[in-house]
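Data first, discussion second: the structure below is written as C-alpha cells.
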Amino acid sequence: MTKGKYGLCLSMVAVLAFVFAGFGMTTLVVAVLAFAVLCEKNEWLTKQCLQGLYLLLLCKVIIWAVEAVFGFFISFFSMFNLSAALVSAFVKPEDIIVTIIQVAFVVLVIYGAIRLAMGKDAGIPLASALADKTLGIQTIKQYVQPTYSQPQQVPQQPVQPQAPQQAPAQQPQPAQPPVQQAAAGETWVCPHCGKVNNMPFCQECGTKKE
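Structural data, given as C-alpha cells:
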C-alpha cells in the first residue's frame, strides 16, 4: 500500500476519515481532510476525504429536509386542534424515512471503507462527483465512433482507347466511256442541218447519228 510523506498508509488515513463520518464526527473528518490537503498534499487522499465529508453532509441535509417537511404538516394540522392520532400519522412515516436514510448512509460508509482498505477509490455515488468538481478533475468519457460498412466497390475495368474511325474510302466511280468517234473515213450527213460529220453526234446541231 502507498505511504505518504510521514510514513502513514494513505488508504488507512482515508478509512479513518470514513469511520469518523460514519459516527457523524464532522470536525474530525474536516481535520483529516486538512491533513491530506496541507500536510500530505496528495490528490487521491484528498478526494477520499472529501467523499466522506460530502456523504456525511448529504445525509444530514436529507434528514433535515425530511424533518422540515413533516414538521410543517404536523404544525399545520395542529393549528386546527386535530386528534393526536392524525398528527401521529405524520410522525410514523417521518421516523421510517429517516431510519431508511440512516441505514443507507451506514451501508455506503462501510462500502467506501472496504474499497479504501483495498486501495481503491471509495466510489460513493454523487459524493465522488462532487469531490471531482471540487478538485477540478474532469472525467473524460471515451466515445466510440460507430463504424459504417462501406459498400463494396466493383473494380472498374480500364477503358481501352478506341481507334479513331476512318471515313469509308470512296469507291472510284467508273469513268464514263468516252464518246466513241466514228471510224476514220466514215462520214454521215446530218438530216436536220445537212452538216457532214465524222462523229456520233452532229457538230452543228447535236443530232445523234442514226
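Residue numbers 4 to 213, in the working numbering, belong to the letters of the sequence shown in order.
Every residue, glycine too, gets a C-beta built ideally from N, C-alpha and C.
Query, Result
"Segment contact flag, the region 34-49 with the region 61-81, C-beta cutoff 8 Å, min 3 pairs", "no"
"Spatially closest choice to I66 from V32, F108, Q54, by CA coordinates", "F108"
"Strand pairing of K212, partner residues [DSSP]", "DSSP lists no partner for K212."
"I113 classed as buried or exposed, judged by whether at least 16 other C-beta atoms fall within 10 angstroms", "exposed"
"Reduced DSSP category for K6 - H, G, I as helix; E, B as strand; rest coil", "strand"
"Beta-bridge pairing of F21 - partner residues as DSSP gives them", "The partner list for F21 (beta bridge, DSSP) is empty, contrary to what the question assumes."
"Sheet register partners of C12 (DSSP bridge)", "K6"
"Segments of 3+ residues assigned as beta strand (DSSP E) that fall wholly inside the region 33-113", "none"
"Within 8 Å, strictly: CB atoms of S225 and G115", "Residue 225 lies beyond the residue range present for the chain, which begins at 4 and ends at 213; the question has no answer from this structure."
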